[in-house]
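Notes follow once the structure below has been shown.
Next comes the structure, spelled out in structure tokens:
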């Protein structure tokens, strides 16, 4: 729920998961976005690998960082 102070908690982006997010899964679709167009999914500890692998299997470059640590670019060929 979003209130005056922002979201009450930050939850994992995995469908059906209600756990608190611990990771940023930074990614982009290289066929339509330049390297500086970064999209972010949030992940709990259990689903960070699943979300990273889901995107990587589609040949999307992915960079995983701790929650709150942003990246300016996701270069081609990166999966971490």
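In the working numbering, the protein residues as written are 1 to 80.
For every residue, glycine included, the Cβ atom is placed at its ideal position computed from N, Cα and C.
As DSSP reads the structure, residue 66 sits in a beta bridge with 23. Partner residues in the beta bridge of residue 42, as assigned by DSSP, are 24. Rounded to the nearest angstrom, the gap between the Cα atoms of residue 75 and residue 20 is 28 angstroms. Excluding residues up to 5 positions away in sequence, 41, 42 lie with their Cβ nearer than 6 angstroms to the Cβ of residue 13 in the same chain. CA-to-CA, the gap between residue 22 and residue 67 works out to about 5 angstroms.
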